[in-house]
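Protein chains: 2
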Amino acid sequence: MATRILRAVPCDVRFPTSRTLAGSDAMNRDPDYSAAYVVLETDHPAGIAGHGLTFTIGRGTELCVDAIRLLSVHVVGRTLEDIAGDMAGFWRDLVGDSQLRWLGPEKGVVHLATAALVNAVWDLYAKLEGKPLWKLLADMPPERLVDCVDFRYIDDVLPRAAAVELLQAQLAGRSQRELEIRRDGYPAYTTSAGWLGYSDERISDLAREAIAAGFSHLKLKVGTSPEADLRRARLLRKAIGPEAHLMLDANQVWGVDEAIAAMRSLADVDPWWIEEPTSPDDVLGHQRIRSAIKPIRVATGEHVQNRVIFKQLLQSGAIDFCQVDSCRLGGVNEVLAVLLLAAKFGVPVCPHAGGVGLCEYVQHLAIFDYIAVSGSLRDRVCEYVDHLHEHFVDPAQVVRGRYVAPSRPGYSGEMKPESVRAYSYPEGSAWAAQAASM
Amino acid sequence: MATRILRAVPCDVRFPTSRTLAGSDAMNRDPDYSAAYVVLETDHPAGIAGHGLTFTIGRGTELCVDAIRLLSVHVVGRTLEDIAGDMAGFWRDLVGDSQLRWLGPEKGVVHLATAALVNAVWDLYAKLEGKPLWKLLADMPPERLVDCVDFRYIDDVLPRAAAVELLQAQLAGRSQRELEIRRDGYPAYTTSAGWLGYSDERISDLAREAIAAGFSHLKLKVGTSPEADLRRARLLRKAIGPEAHLMLDANQVWGVDEAIAAMRSLADVDPWWIEEPTSPDDVLGHQRIRSAIKPIRVATGEHVQNRVIFKQLLQSGAIDFCQVDSCRLGGVNEVLAVLLLAAKFGVPVCPHAGGVGLCEYVQHLAIFDYIAVSGSLRDRVCEYVDHLHEHFVDPAQVVRGRYVAPSRPGYSGEMKPESVRAYSYPEGSAWAAQAASM
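Order-wise, the sequence lines are chains A and B.
Per our numbering, residue 673 is the first one in the first sequence, and the count goes up by one each step.
Per our numbering, residue 673 is the first one in the second sequence, and the count goes up by one each step.
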């Protein structure tokens, strides 16, 4: 029996995180971590639904919600079996909508909304198969995985046949790596200590706690002033000791020359990478920064809009780490494309997370990447931020600095109904209470 | 007396152009040319208002309208004098909104909405100064023009001081070129003959009419099948003769290798340029295509999201023509940045137009570029499409293949109130009638 998608019910869910400055950085000073969330209701007798989201930071979430509504005509009325039978075609229907495409193409609000719908479809697919998403993907033969990818605009660098070969080369080790991940989990790093809005003392305390909790990689937000950046980075280095990996994140505030100068002055604290040193659109800028600041490595991705920019960042040797975002890219299908591109160029994937639901999502992607695509954990760590997990039905779990492989069916993005109700914007109790007190 | 902006009133205006297939191409099969339109009402005693728009093609226009509403907090309540006193700072306020920026940054729906607001502010500014926009700009000293530009992310290639120098070098010839443009107009080319939905016969007829009307440059949409493309291109070449310039436009349907193969087969008709041969995001792809198909030249821009991508297209030698779009970029300020970048690299600017209001806008930009930035007409033609002008208060006029320099104060994007009423979506009479007949 085919399962038909009957309705797409989108919702604007916002958490008032700006009240605590958790999540603050040089570019995003006061984020209210939010999600344009969508539930795909079906005719499945057990009531199975697909839940998906895209991550936003407050104002404008309603634009993504409305875009989900507009794009849902490509989803509603179809059966999961029909969609799964031609995943690349389904994805092309969404990104190629003959009028909505103009508003991107494949970027910005419309692409974020695409991610929510595509992620919801994969959640439904995994639930119907009774597997966590990573396992659903890791069980697919190479041809089947490649069938999910739209090779338009990337086949000059990665033809379909080469992608199949690349996956075939990792087939033999899949089950061994799966056992290993189930046993040991996937390495995580934490950003929770280093928000820009935190005091020096708080950063030191949180960093020591993180090391005690088993983390070996920590990230600090920079990009205020050279003096403040250096002072805070030295403080963090002192708190974590010389062995731990210290990553820095400028969240795009610098120009190219500025980034080079800034990183020369920060070299002192032995940073493992500098993240988002400049505009995510600037492939050639990243290339120049990377060659100028070696051996400090360059990372970017949370704002890289689609596989076309990633293709260029990889083919030009502009980045050392590929930080795919589960919601910035157009959902699982496009993430697959980028994992394949990264593997082709031998660049480690260290997914972006934090926010709302991103940790829940990217653990699946990182684990699948290890099992079936890259086959390596070298220089791989998956971001972790320890807030807002309590709102999810199957929250991400990190133990001794490692993500525990999810075992419940689905893609882990399903929120608790009571959380959706309370944080619905503007009518939820969390916001109504604020409005009343103002 | 300062003029204060009291309200921003956005409106969703759509024209049912998909009924005739005017505007159809390989990627955009059924556009309903539309605008997210905004009126900035002021306290000016004569009731002067600023009118601005961003161009869209139907569904999703409401997303831009809502984004205009969200962004208007950075405009409403301010005086024009305050804004004009720090144009780059004003622009940074819009694109740097601490929560909305996440949805781009500087791309997609939010950036399109930015364009509408910025264009409305410039319209107001020009009206208050009693000048057409091109003249307002052409009268500004170099430092003042450069003060309008946000150099973040481009100063590695074009530092502020170099931009000032570049403008200073053209100061001496400004008045001579202004006289020339007022007398002769600015060269235009037409796309009206070559829509993809048009029959062979219609294309030939329209092409002969265009040549008779004084056009020397015509554009044809390609990207269906190699055979159909070649047949139609030969037909058009035959209709216009060997001397006229024939441009081709693939609207992004090809991958990089596909584009190279397609253009080798189309070389036969001696195309002057191939426009949008692949994804507008693919700087390195354009670079490869350009070097592979010489001497056919490469053009792109209508979907180039911001100055960062243009910077790279120009610095890497990926394009021969820079097709700035007045609404895809974040309005006049960012167009200025791109005109300066193009001048620095000696690449001719041939603005994208058509749609709704784009011809009205880009005539100002092309004329200003000639008078004050590039100082050259060599290889410059400004796109013209002959529909929907009747809805504008000060419509673009093309005579004998040349744009007549606008003389009325403002940026020419003001629509007739009765057109706004009739085509407001969905409540306007043009749409209500359709709904009733369905």
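Note that beta-carbon positions come from the ideal geometry of N, C-alpha and C, so glycine has one too.
Check whether the Cβ atoms of residue i and residue j lie closer than 7 Å to each other.
| i | j | result |
| --- | --- | --- |
| S1014/A | C1031/A | Note on identity: in this sequence residue 1014/A is Ala, with Ser being the wrong assignment. No, they are not a contact pair. |
| G730/A | Q771/B | yes |
| M699/A | V925/A | yes |
| F1040/A | W806/A | yes |
| A933/B | G895/B | no |
| L985/B | V955/B | yes |
| E1055/B | H1024/B | yes |
| Q959/A | A990/A | yes |
| L817/B | L839/B | yes |
| G1085/B | Y1042/B | no |
| D1066/B | L868/B | no |
| P943/A | I965/A | no |
| V1053/B | T863/B | no |
| A787/B | C1022/B | no |
| H1113/B | P952/B | The structure shown has nothing for residue 1113/B, since chain B only spans 673 to 1110. |
| A760/B | D811/B | no |
| L851/B | A905/B | no |
| Y1095/B | A1105/B | no |
| H1059/B | A756/B | no |
Which residue comes first and which comes last in the beta strand (DSSP E) that contains residue i?
| i | result |
| --- | --- |
| V710/A | 706 to 714 |
| M919/A | 917 to 921 |
| P814/A | Per DSSP, P814/A belongs to no beta strand (DSSP E); it is in the alpha helix (DSSP H), 814 to 818. |
| K893/A | 889 to 893 |
| L678/B | 677 to 686 |
| H723/A | 722 to 728 |
| R969/A | 969 to 972 |
| T863/A | 858 to 866 |
| Y1056/A | 1054 to 1056 |
Measuring alpha carbon to alpha carbon, tell me which of the options ends up nearest residue i.
| i | options | result |
| --- | --- | --- |
| V790/B | G724/B, A882/B, A674/B | G724/B |
| G866/A | A674/A, L920/A, W1103/A, L838/A | L920/A |
| W763/B | L775/B, W774/B, L743/B | L743/B |
| V1019/A | D992/A, E1062/A, L1012/A | D992/A |
| R979/A | A694/A, I853/A, D822/A, P703/A | D822/A |
| K803/B | V1092/B, A674/B, E974/B, A1077/B | A1077/B |
| I912/A | A792/A, E1090/A, D877/A | D877/A |
| D795/B | L752/B, L766/B, R1074/B, P943/B | L752/B |
| T726/B | P717/B, C683/B, V1021/B | C683/B |
| P1098/A | V710/A, V685/A, V681/A | V685/A |
| E815/B | L808/B, A835/B, Y825/B, L830/B | A835/B |
| G634/A | H746/A, A884/A, I961/A, V1057/A | Absent from the model: residue 634/A. The displayed extent of chain A is 673 to 1110, so no value can be given. |
| I677/B | P717/B, G695/B, A694/B, L693/B | P717/B |
| A680/B | V793/B, Y1083/B, P952/B, S897/B | V793/B |
| L1001/B | L775/A, R936/A, T728/A, R750/A | L775/A |
| Q977/A | G757/A, P777/A, Q1106/A, E850/A | P777/A |
| M745/A | G732/A, D765/A, T714/A | Note that residue 745/A is Val in the sequence shown here, rather than Met. It is D765/A. |
| L1008/A | L693/A, A721/A, R832/A, P898/A | R832/A |
| Y1083/B | G761/B, L809/B, R773/B, V747/B | L809/B |
| V1092/A | V1070/A, G1029/A, P1081/A | G1029/A |
Roughly how far, in whole angstroms, is the beta-carbon of residue i from the beta-carbon of residue j, given that I think they are within contact range, below 8 Å?
| i | j | result |
| --- | --- | --- |
| E1006/B | A971/B | Incorrect: roughly 19 Å between the Cβ atoms, too far for contact. |
| P929/B | D828/A | The question names Pro, but residue 929/B is Asp in the sequence shown. Rounded, the Cβ-Cβ distance is 5 Å, consistent with contact. |
| A739/A | L735/B | 6 Å |
| A1038/A | Y797/A | 19 Å between Cβ atoms; not a contact. |
| L902/B | L892/B | Between L892/B and L902/B the Cβ distance is about 11 Å, and since that is not below 8 Å, they are no contact. |
| A882/B | L890/B | 6 Å |
| F887/A | Y861/A | 6 Å |
Taking the continuous alpha helix (DSSP H) assigned at residue i, which residues delimit it?
| i | result |
| --- | --- |
| Y1095/B | 1089 to 1095 |
| V782/A | 780 to 801 |
| R904/B | 898 to 912 |
| E873/B | 872 to 884 |
| G761/B | 759 to 767 |
| W806/B | 805 to 810 |
| I946/B | Counting along the chain, I946/B falls outside any alpha helix (DSSP H), though it belongs to the beta strand (DSSP E) covering 943 to 947. |
| C736/B | 733 to 743 |
Using 8 Å as the cut-off, can you tell me whether the region 835 to 852 of chain A makes contact with the region 1036 to 1049 of chain A, which would need three or more C-beta pairs spanning the two stretches below that distance? yes
Stretch-stretch touch, CB-based, cutoff 8 Å, three pairs: the region 780 to 798 of chain B with the region 775 to 792 of chain A: yes
Are the region 701 to 721 of chain B and the region 680 to 689 of chain B touching, with three or more C-beta to C-beta distances below 8 Å? yes
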